[in-house]
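> First, the structure itself, so that you have it in front of you.
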Amino acid sequence: MLADAALVCYDTIVNRDRFKEIEHTADIAIQVWGSDLPELFVNAAYGMACQVTDAQDVDVAVERRIDVEGEDLEIVMVEWLGELLYLGERDGLVFTEFDILEVTSRGLRAVVHGGPVETYHGHIKAVTFSELEITRTDNGYETTIVFDV
Amino acid sequence: MADKRDFHQVDNYTWELPTSYREDMRVPVRLFADSDLFSAAFGDRSIEQLVNTATLPGIVKYAMALPDVHQGYGFPIGGVAGIDADDGVISPGGVGYDINCGVRLLASHVDAEEIEPFREDLMSALYQSCPSGLGGDGRVRVNKSELDNLLGNGASWALKQGLARKEDIEHTEEHGNLPGADPGQVSERAKERGLSQVGSLGSGNHFLELDVIQEIYNPDVASALDLRKGQIVVQIHCGSRGFGHQVCDDYVKSLQSAVKKYDIYLPNRQLVCAPIDSPEGRSYYGAMACAVNYAFVNRQVLAMGVREAFERVLVGKVSDFDLHQVYDVAHNIAKFEEHTVDGGRKKLCVHRKGATRCFPPGHEAVPAAYRDVGQPVLVPGSMGTASYVLVGQQKAMDLTFGSSCHGAGRTMSRTQARKEVWGHDLREELEAGGITVRATSMKGLAEEAPLAYKDVSRVVETVHSLGLAHKVAKLKPLGVVKG
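Line by line, the protein sequences give chains A and B.
Count the first sequence with my numbering and you get residues 1 to 149, in order.
Count the second sequence with my numbering and you get residues 1 to 483, in order.
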């Protein structure tokens, strides 16, 4: 039961509608949903934060602006999450709240909020293109994202 | 999705999937495994990833996987691809994010009984001397110009700084300095991440382990490697840290446009690549070689930390505690090597992702001291289980472009491992088994639980029986530092 308690972050009803962890032998993979593109990108970022800490406990105190470019939606997704990882590692922060100002297949602009974290429970080295394919569904968009850990 | 019936068995340990399986395959797939490990490979997407690898332009002979194969991204982990240097491609996805993740083995002349009274102190000293965990700073901080020097010269830089011994470098793959490193091809962001992490273990599956040699299989070869039963040795397993991750990340993104420019078909975007003989391909190789050198220096600086810890705890208490370097070997790398293909010699870019070079006796790249016995191959087991030292054999040149396994290979996801194992329980279990644990994260400890891995002994037996590399010694863990 204790081990299950540690996974509460992934199992809450709210999170289940946003993302879920899927099995991967060596790394971490999540499946993400969104009713529109901004929501998909927000949920992907929140799903990533949940892999490294208890995201709901982060005291949001810092704001950063993010501006990334890409040639298609998948590259924009990798750039977006990669930028959050980089800033997080550089400044000792985890970002958990995201306001997407604009997202297209050419780029993304956002204001993000996060805070310092006492206890990390994981480390993500990078966001991969493996299995990353943003597809339209009846309810919006979905994709799988594999993180190298 | 391929199943076992699509393969035909070549011999007891070789399984082949012909190109007729999928029309985009340029070469067949070969999996080297005993029948159980062969079956285990169908438990995840390893085979599908290996089939994807077989589509890369310029790949020759086979897309290969060793018995420790498991699912990665792009290539499977435990994958080997030899790609024609004249008209083939180089792929960051075939090397991975932790460029030149590898293993270094140091050996003392002290017996396990002699250090037993000081083992706890020694593990604490190792934990202090070898920084571990997320993001953390390393033992050495360099400025930008020193970093460029380090990237361009690898272990030679460390020698000049007094951070290496000459014999350490002689006993390191490529002498710790991969030719062709070009710091001008590395982004400012990668360099920024590299400044503070020289001499740090990191997290994930990286570790530092104190071991005793439990068994010797070949006394003559063991003697040539200066190894004997009962002796204390240390393994260091880590890579190029944030620097290497950033280099890979930069090129996985930037080469996406090269794929379009050169009209390369890819079944998976993480296999992103560029022609070896193109500005983009040369640029990636120059940057990757920098990360290879960074990792060699990283393990070198950690080795000096290990020596420092031994001295601090053991001086005046036991003699002969000094540690000499047995070998240092990469297991995530792309290198130019000459191999026999269709009866002729060919220059290949050999991608080893979770695979170890294992050159045979007589090969000029094997250090002079080991040339009669073959290159040492270091195969760490999962935490708390045995590790092995082997030496490369000629058969590996014939079958796998001189490559062998790199470890046990995972069978269980990290999520599942965390569900089945509680870090504190595992720590108690390991300590009850006589293994001292120093770890920064109990969750990280649980993810690396032995039950999440294949049986390393079985993997090593397969490699030994195939004749890729021969067993020399078995190591039993006494203490582990985990990031």
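Virtual Cβ for every residue (Gly too), placed ideally from N, Cα, C.
Please determine, among B:R22, B:L225, B:Y73, B:G433, the residue with the shortest C-alpha to C-alpha distance to V373 (chain B).
Here residue 373 (chain B) is taken as the residue at index 373 of the second sequence, counted from 1. Ranking B:R22, B:L225, B:Y73, B:G433 by Cα distance to V373 (chain B) puts B:L225 first.
> Where does V8 (chain A) land, buried or exposed, given buried means 16+ other C-beta within 10 angstroms?
As a position in the first sequence, residue 8 (chain A) is number 8, starting the count at 1. Low confidence applies here, because V8 (chain A) scores a pLDDT of 36, under 50, leaving its location unreliable; read the following figure in that light. Per the 10 Å Cβ criterion, exposed.
> Whole-angstrom Cβ separation of A81 (chain B) and H424 (chain B), contact assumed at under 8 Å?
For the purposes of this step, residue 81 (chain B) is taken as the residue at position 81 of the second sequence. For the purposes of this step, residue 424 (chain B) is taken as the residue at position 424 of the second sequence. So it is not a contact: roughly 41 Å between Cβ atoms.
> Would you mind telling me which residues of chain A sit closer than 7 Å to H70 (chain B), beta carbon to beta carbon, in chain order?
As a first step, residue 70 (chain B) is located in the second sequence; it is residue number 70 there, counting from the start. Residues of chain A passing the Cβ test: T25, A26.
> Which residue spans inside the segment 101-149 of chain B form an unbroken alpha helix (DSSP H) run of at least 4?
DSSP runs (the alpha helix (DSSP H)) wholly in the segment 101-149 of chain B: 112-115, 119-129.
> Helix, strand or coil for Y327 (chain B)? Go by DSSP, reduced to three states.
Position 327 of the second sequence, counted from the start, is the residue given in the question as residue 327 (chain B). Reduced to three states, the DSSP call for Y327 (chain B) is strand.
> Do you know how far the Cα of S35 (chain A) is from the Cα of C349 (chain B)?
The residue given as residue 349 (chain B) occupies position 349 in the second sequence. The residue given as residue 35 (chain A) occupies position 35 in the first sequence. C349 (chain B) and S35 (chain A): Cα-Cα distance of roughly 45 Å.
> My guess is that V149 (chain A) and I28 (chain A) are in contact by the Cβ rule of under 8 Å, so how many angstroms apart are they, rounded?
Reading the first sequence from its first residue, position 149 is the one you call residue 149 (chain A). Reading the first sequence from its first residue, position 28 is the one you call residue 28 (chain A). Confirmed, Cβ separation roughly 5 Å.
> Taking all protein chains shown into account, decide if R410 (chain B) is buried (16 or more other Cβ within 10 angstroms of its Cβ) or exposed.
Sequence index remark: in the second sequence, residue 410 (chain B) carries index 410 (1-based). The residue is buried, with at least 16 neighbouring Cβ atoms inside 10 Å.
> With a threshold of 8 Å between beta-carbons, can R269 (chain B) be considered close to chain A, or not?
The residue you call residue 269 (chain B) lines up with position 269 of the second sequence. Output row for R269 (chain B): interface = yes.
> Thinking C-alpha only, which one of A:G122, A:V76, A:D138 is nearest V94 (chain A)?
On the first sequence, position 94 is the one that residue 94 (chain A) refers to. Checking every option, the nearest Cα to that of V94 (chain A) belongs to A:G122.
> Pull up the distance between the alpha-carbon of M1 (chain A) and that of A452 (chain B), whole angstroms please.
As a first step, residue 1 (chain A) is located in the first sequence; it is residue number 1 there, counting from the start. As a first step, residue 452 (chain B) is located in the second sequence; it is residue number 452 there, counting from the start. Note that M1 (chain A) has pLDDT 30, beneath the 50 cutoff, so the model's placement of it is unreliable and no number is given.
> Report the three-state DSSP secondary structure of N332 (chain B) (helix, strand or coil).
Locating residue 332 (chain B) in the second sequence gives position 332, where the first residue counts as 1. Strand.
> Could you check the C-alpha separation between C238 (chain B) and K346 (chain B) for me, to the nearest Å?
Locating residue 238 (chain B) in the second sequence gives position 238, counting from the first residue. Locating residue 346 (chain B) in the second sequence gives position 346, counting from the first residue. Their backbone Cα atoms lie some 32 Å apart in a straight line.
> Taking one C-beta from the segment 191-211 of chain B and one from the segment 335-342 of chain B each time, how about it: are there three or more such pairs within less than 8 Å?
Taking 8 Å as the limit for Cβ pairs, the verdict is that the segment 335-342 of chain B does not touch the segment 191-211 of chain B.
> Look at the alpha carbon of V111 (chain A) and the alpha carbon of D99 (chain A), and state the distance between them as a whole number of angstroms.
The residue given as residue 111 (chain A) occupies position 111 in the first sequence. The residue given as residue 99 (chain A) occupies position 99 in the first sequence. Approximately 5 Å between the Cα atoms of the pair.
> Would Y73 (chain B) be called buried (16 or more neighbouring beta carbons within 10 Å of its own) or exposed?
For the purposes of this step, residue 73 (chain B) is taken as residue 73 along the second sequence, with counting starting at 1. With 16 or more other Cβ atoms within 10 Å, it is buried.
> Assign T462 (chain B) to one of two classes, buried (16 or more other C-beta atoms within 10 Å of its C-beta) or exposed (fewer than that).
Along the second sequence, one-based indexing puts residue 462 (chain B) at 462. With 16 or more other Cβ atoms within 10 Å, it is buried.
> Hey, N298 (chain B) and S257 (chain B): beta-carbon distance below 8 Å or not?
Looking up residue 298 (chain B) in the second sequence gives position 298. Looking up residue 257 (chain B) in the second sequence gives position 257. It is not a contact, given that the beta carbons lie outside the stated cut-off.
> If you measure between the beta carbons of A291 (chain B) and F243 (chain B), is that distance less than 8 Å?
Position 291 of the second sequence, counted from the first residue, corresponds to residue 291 (chain B). Position 243 of the second sequence, counted from the first residue, corresponds to residue 243 (chain B). Yes. Within cutoff.
> Could you give the residue range of the alpha helix (DSSP H) that holds T415 (chain B)?
Taking the second sequence and counting its residues from 1, one reaches residue 415 (chain B) at position 415. Looking at the DSSP string, the run of the alpha helix (DSSP H) that includes T415 (chain B) is 414-420.
> Distance check for A473 (chain B) and Y217 (chain B), CA to CA, integer angstroms please.
As a working mapping, residue 217 (chain B) is identified with position 217 in the second sequence. As a working mapping, residue 473 (chain B) is identified with position 473 in the second sequence. Their Cα atoms are separated by approximately 6 Å.
> Please classify M496 (chain B) as buried or exposed, where buried requires at least 16 neighbouring CB atoms within 10 angstroms.
Within the shown structure, residues of chain B are numbered from 1 to 483, placing residue 496 (chain B) beyond reach of any answer.
> Using the beta-carbon of each residue, which ones in chain B are nearer than 7 Å to A126 (chain A)?
The count along the first sequence starts at 1 and reaches residue 126 (chain A) at position 126. Under the 7 Å cutoff, chain B gives Y97, H245, C248, D249.
> Reducing DSSP to helix, strand and coil, say where K505 (chain B) ends up.
There is no way to answer for residue 505 (chain B), as the model of chain B reaches only from 1 to 483.
> I need the straight-line Cα distance from F129 (chain A) to M25 (chain B), nearest angstrom please.
Locating residue 129 (chain A) in the first sequence gives position 129, counting from the first residue. Locating residue 25 (chain B) in the second sequence gives position 25, counting from the first residue. Rounded to whole angstroms, F129 (chain A) to M25 (chain B) spans 21 Å at the Cα level.
> Would E83 (chain A) count as contacting chain B if we go by Cβ distances under 8 Å?
Counting from one through the first sequence, the residue named residue 83 (chain A) turns up at place 83. No - not a single Cβ of chain B is within 8 Å of the one on E83 (chain A).
> Name, please, each residue of chain B whose Cβ falls closer than 8 Å to the Cβ of V68 (chain A).
Counting from one through the first sequence, the residue named residue 68 (chain A) turns up at place 68. In chain order: nothing, as chain B lies at least about 10 Å away.
> When you compare the segment 165-177 of chain B with the segment 129-142 of chain B, are there three or more beta-carbon pairs, one atom per stretch, that lie closer than 8 Å?
Result no; under three Cβ-Cβ pairs closer than 8 Å.
> Looking at C-beta atoms only, is the number of pairs between the segment 136-148 of chain A and the segment 28-44 of chain B that lie closer than 8 Å three or more?
No: the two stretches stay apart, fewer than three of their Cβ pairs being nearer than 8 Å.
> Let's see if you can read the secondary structure: which residues bound the beta strand (DSSP E) around M64 (chain B)?
The residue given as residue 64 (chain B) occupies position 64 in the second sequence. Note, M64 (chain B): beta strand (DSSP E), 59-73.
> I need the boundaries of the alpha helix (DSSP H) containing C238 (chain B), first residue and last residue.
For this step, residue 238 (chain B) is matched to residue 238 along the second sequence. Premise fails: C238 (chain B) lies in the beta strand (DSSP E), 231-238, not in any alpha helix (DSSP H).
> Please list the terminal residues of the continuous alpha helix (DSSP H) segment that includes G253 (chain B).
Within the second sequence, residue 253 (chain B) is the residue found at index 253, counting from 1. Looking at the sequence shown, residue 253 (chain B) is not Gly but Lys. It spans 241-261 - the alpha helix (DSSP H) in which K253 (chain B) sits, taken as one unbroken run.
> Which residues in the same chain as E308 (chain B) place their Cβ atom closer than 7 Å to its Cβ, once the five residues preceding and following it in sequence are excluded?
Position 308 of the second sequence holds residue 308 (chain B). Around E308 (chain B): S129.
> What do you get for V10 (chain B), buried or exposed, if any count of 16 or more other CB atoms within 10 angstroms of its CB means buried?
Numbered from 1 along the second sequence, position 10 holds the residue referred to as residue 10 (chain B). Exposed is the call here.
> Terminal residues of the continuous alpha helix (DSSP H) containing S465 (chain B)?
Within the second sequence, the letter at position 465 stands for residue 465 (chain B). First-last of the alpha helix (DSSP H) with S465 (chain B): 456-466.
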